[in-house]
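Some notes on the structure that comes next.
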Amino acid sequence: MSSPTATEPRATESSVRRSIPPLAQLAGLTAALGAILIALLALFILPSLKSGAHDLPLGIAGDPAAVTQAKAALESAAPGAYAVELFSSADDLDGAIADRTVHGGLVAGPQGLEVHVASAGSTAISGSLTATAQGVGRAMALPVSVSDVVPLPEDDPTGIGIGGLAFPLVFGGIVPVVAFRSIFKNSDRWKLAGLTSFAVIGGVIVAAVLRFWFGSITDSFWPVAGSMALGIAALAIPLAGLQQALGAKGFTIGAASMMFLGNPLAGIATTGAWLPSGLGDLGQLLPPGAAGALVRSTAYFDGAGSLGATLTLTGWIVAGGVLHAMGTRRAARRETIPA
Numbered sequence: 016m017s018s019p020t021a022t023e024p025r026a027t028e029s030s031v032r033r034s035i036p037p038l039a040q041l042a043g044l045t046a047a048l049g050a051i052l053i054a055l056l057a058l059f060i061l062p063s064l065k066s067g068a069h070d071l072p073l074g075i076a077g078d079p080a081a082v083t084q085a086k087a088a089l090e091s092a093a094p095g096a097y098a099v100e101l102f103s104s105a106d107d108l109d110g111a112i113a114d115r116t117v118h119g120g121l122v123a124g125p126q127g128l129e130v131h132v133a134s135a136g137s138t139a140i141s142g143s144l145t146a147t148a149q150g151v152g153r154a155m156a157l158p159v160s161v162s163d164v165v166p167l168p169e170d171d172p173t174g175i176g177i178g179g180l181a182f183p184l185v186f187g188g189i190v191p192v193v194a195f196r197s198i199f200k201n202s203d204r205w206k207l208a209g210l211t212s213f214a215v216i217g218g219v220i221v222a223a224v225l226r227f228w229f230g231s232i233t234d235s236f237w238p239v240a241g242s243m244a245l246g247i248a249a250l251a252i253p254l255a256g257l258q259q260a261l262g263a264k265g266f267t268i269g270a271a272s273m274m275f276l277g278n279p280l281a282g283i284a285t286t287g288a289w290l291p292s293g294l295g296d297l298g299q300l301l302p303p304g305a306a307g308a309l310v311r312s313t314a315y316f317d318g319a320g321s322l323g324a325t326l327t328l329t330g331w332i333v334a335g336g337v338l339h340a341m342g343t344r345r346a347a348r349r350e351t352i353p354a
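According to the numbering used here, the residues represented by the sequence shown are 16 to 354, in order.
Right, here's the structure in full:
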């Protein structure tokens, strides 16, 4: 009795494909590609379409009677948009904004309503809060003024520099893995050294462009460089680990997840708090979102609120290193097993 040959499975698969009518194959492939297109549209557009203020921490300070009236008017103008915290003074409110405890606030008095924002934290949130404050002012029959507690640099008043980091960050984490893997096929040490070196150099390059070309940052060059380096490493090391442990399929799945999930949910341009509930939180647990939050904190807020993002990125790097070590050990065991 003859044993099955290696060509038999391929012949069977080929015969199955031939048995399916061309029209059915065309329709099936078209439907599958259409479903993928719908999924991509949902991933990239739906989060932005459904974004907005929802339970954003907001402070209110000022005259007690005016504060009570402002709080009621705020709830009427934007129900569910803000979670209000009361402060004893405008200085305390500004301190909380600088510490990123709240996204902004209102200072209410008998003579007027002053809205305090941090455009460096999110132009979307500061713009929304300013518009809402105008409605509150009309309800209270008070003039409204705006105070930007943490403004963006004059050379980048809309925050486009840092807001546009999502794709370069993901690109900088994916491409080096492929490049260094192709050059150092037989040396994991040199490959990892290359990824680490690129993360550091890439962080410096991005910080230099933001500082000296775009004018998006002023006096926080090295903190931003370090934040970007950590972000690139948190993408590259896990992808290298997936490639080492699971092969090309592992790398492809990881890279696609970062590109098509981590990228649109990063919220770098608006912050994760502006994205729909749940999606924004998920995005901050992935390297692109955590890196964007860390860069913004170090660039404009002296690192305030950066602990969570730092721990998240560090966790991804450690996980990637563990995966890489597991893959290396498994490959070594296969080589020592006699044929």
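Backbone N, C-alpha and C define an ideal beta-carbon position, used for all residues, glycine too.
It should be emphasised that the depicted structure is a prediction, and the values quoted were computed from it without experimental measurement.
The criterion of a C-beta distance shorter than 8 Å is not satisfied by I283 and G150.
The C-beta distance from A214 to A248 rounds to 4 Å, short enough to meet the 8 Å contact threshold. Taking 8 Å as the cut-off, the beta carbon of L290 is found no closer than this to the beta carbon of G277. Under the criterion of beta carbons closer than 8 Å, G217 and A244 qualify as touching, at roughly 7 Å. In the DSSP assignment, S160 is bridged to E129. DSSP assignment within the segment 130-205 yields the following whole alpha helix (DSSP H) runs of 4 residues or more, N-terminal first: 138-155, 175-178, 181-198. Looking at the backbone, the Cα of V165 and that of H131 are separated by about 9 Å. Burial of A251 is indicated by the presence of at least 16 other C-beta atoms within 10 angstroms of its C-beta. An exposed status is given to T173, since fewer than 16 other beta-carbon atoms sit within 10 Å of its beta-carbon. Counting along the chain, P62 sits inside no beta strand (DSSP E); it lies in the alpha helix (DSSP H) bounded by residues 37-64. Excluding residues up to 5 positions away in sequence, V151 lie with their Cβ nearer than 6 Å to the Cβ of L89 in the same chain. The DSSP-derived three-state label of P72 is strand. Annotated as proximal: D171 and F229, with beta-carbon spacing under 8 Å. Inter-residue distance for A306 and L338 is about 21 Å (C-alpha atoms, whole angstroms). The beta carbon of V219 sits closer than 7 Å to the beta carbons of A240 from its chain, once the five residues preceding and following it are set aside; these are given in chain order.
In this structure, G77 is the residue among G265, G77, M155, I140 with its C-alpha nearest to the C-alpha of L108.
Taking a contact as a CB-CB distance under 8 Å, the pair K206 and A255 counts as one, their CB atoms being some 7 Å apart.
The residue from S202, E169, A281 with its alpha-carbon nearest to that of Y315 is E169. Residues of the same chain with a CB within less than 6 Å of the CB of G176, apart from the 5 flanking positions on each side, are L225, F229, S231 in chain order.
Taken in chain order, the unbroken stretches of beta strand (DSSP E) that lie wholly in the segment 68-120 and span 3 residues or more are 71-77, 97-101.
R349 is classed as exposed because its beta carbon has fewer than 16 other beta carbons within 10 Å across all chains shown. Within the same chain, A93, A96, Y97, I140, S143, L144, T147, W289 come within 8 Å of A68 by CB-CB distance, once the 5 residues on both sides are set aside. For G124, the beta-bridge partners assigned by DSSP are G127. Annotation for A113: V164, V165, F316, A319 place their beta carbon closer than 7 Å to its own, counting only its chain and skipping 5 residues before and after.
When rounded, the separation of the alpha-carbon atoms in R115 and E100 is 13 Å. Burial state of F266 is buried, judged by a 10 Å Cβ sphere holding 16 or more other Cβ atoms. Under the DSSP assignment, F236 falls in the alpha helix (DSSP H) whose first and last residues are 236-261. Between T313 and S242, the CB-CB gap stays under 8 Å.
Per DSSP, reduced to three states, the secondary structure at S321 is coil, with no helix or strand assignment. Spanning the alpha carbons of L55 and S292 requires a straight line of approximately 20 Å. Judged by DSSP in its simplified three-state form, F213 adopts helix. Looking from the CA of D234, the closest CA among P37, S66, L167, L322 belongs to L167. Secondary structure note for L309: its alpha helix (DSSP H) is the uninterrupted segment 302-315.
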